[in-house]
Every structure is written in structure tokens, then in C-alpha cells.
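**Student:** Numbering (the working numbering), first residue to last: 13 to 184.
One structure, as C-alpha cells, below. Some questions next.
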């Protein structure tokens, strides 16, 4: 909020489509319930169209996108074509076992587990992350956009670390 950026979570976009029973939601519901990811073209189209909306004109934060190098390369090209520049990519570095526990606790505290919060689904998502998403780190490092933040700190410390990065890049 401080910087005027809109947070765009692909997971939330997908869950909203499922809840609203849109064509996209109906198409992806079984995929999400199994812990798999929605195909690249669908996600790319959804995000690429969303960032053109008026509420994104002052900047946006993508949460959960891109998930693999193919998405990143395609999105990078779309951004170049539209003359939109990414200033930074922030990796929240976390211990995977702790992340697993945090997600389980989120479900417990909310007194409601989503279909994608189950152990086998989480394990599958972490496996896919290691195979497909971790290769984004060198991709964005090569572009000079990668910043790492310790995601194991408390939320206030994480926010301060991210704010430092945003302040460094504010004039770019």
C-alpha cells in the first residue's frame, strides 16, 4: 500500500474463478484440487490481461507467477512488447519443512483446510516447485532483477527488508 502497488496473486485469481464458477474456474478446479498447476498459456493470458487494468497502472506485485522459466520468458517478451519494465524479483527464501508446517497451521487456524492444503497435495507442489520454479532464480539473476529476502523472519522484519529493496529501485 505504501508504494501504491496492487498485489496480484494467481492463486487468488484462480480460487475466485472457481468460487464464481466461471468458465476458467470450472476448467481448472480439478487440476488445483490435485495440487497440480494450471497450464502456462492459461496463466500467462490471465496475468497478461490483468496487468493492463487501470488499478495496475501505478505498479503491481505478482504473487505465484511466473512458476517456471517458460512462463518467465513468455511474460518477459510480453512486457517488452508492451513497454512495461520489471524492476525487481524478490525471492522469499524459506526452509521448506517450515513452509509445510506454516501452510498446515494456516488451515488449522482458519479451522478450514482448502483442498490444496492436504499433505499429499503440498508434497506434490513442493516437488513441482523444486523442479520447475527454482530454475527461475538464475533466470532473473542473469537479468539483474533478483533479490533475496529471508522469509523465515517475522512479518515485520520481512516487510522492512522488502521495503529496502523497493526504496533502492524506486527511481528506476
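Note that beta-carbon positions come from the ideal geometry of N, C-alpha and C, so glycine has one too.
Fair warning: this is a prediction, and the values are worked out from it, not measured in the lab.
Mind checking residue 122: buried by the 16 CB within 10 Å criterion, or exposed?
**Tutor:** For this step, residue 122 is matched to residue 110 along the chain shown. Note on residue 122: under 16 other CB atoms within 10 angstroms of its CB, so exposed under the neighbour-count rule.
**Student:** What is the DSSP secondary structure of residue 32, counted as helix, strand or coil?
**Tutor:** Reading the chain shown from its first residue, position 20 is the one you call residue 32. Three-state DSSP puts residue 32 in coil, outside helix and strand.
**Student:** Look up residue 7 in the DSSP assignment and say whether it is helix, strand or coil.
**Tutor:** This structure gives no information on residue 7, because the portion of the chain shown stretches from 13 to 184.
**Student:** In whole angstroms, what separates the C-alpha of residue 109 from that of residue 28?
**Tutor:** Working through the chain shown from its first residue, we reach residue 109 at position 97. Working through the chain shown from its first residue, we reach residue 28 at position 16. About 28 Å.
**Student:** Give the straight-line distance between the Cα atoms of residue 112 and residue 97, rounded to the nearest whole angstrom.
**Tutor:** Along the chain shown, read from residue 1 onward, the residue named residue 112 stands at position 100. Along the chain shown, read from residue 1 onward, the residue named residue 97 stands at position 85. The straight-line gap from Cα to Cα measures roughly 33 Å.
**Student:** In terms of residues, what are the limits of the alpha helix (DSSP H) holding residue 85?
**Tutor:** Position 73 of the chain shown holds residue 85. Counting along the chain, the unbroken alpha helix (DSSP H) around residue 85 starts and ends at 81 to 93.
**Student:** To which residues does DSSP link residue 20 through a beta bridge?
**Tutor:** Counted from its first residue, the chain shown places residue 20 at position 8. Answer by DSSP bridge pairing, in chain order: 74.
**Student:** Under a three-way DSSP split, which group does residue 104 fall into?
**Tutor:** Locating residue 104 in the chain shown gives position 92, counting from the first residue. Residue 104 falls in the strand class under three-state DSSP.
**Student:** Among 24, 152 and 26, which has the Cα closest to the Cα of residue 99?
**Tutor:** In the chain shown, the residue the question calls residue 99 occupies position 87. The shortest Cα separation from residue 99 among 24, 152 and 26 belongs to 152.
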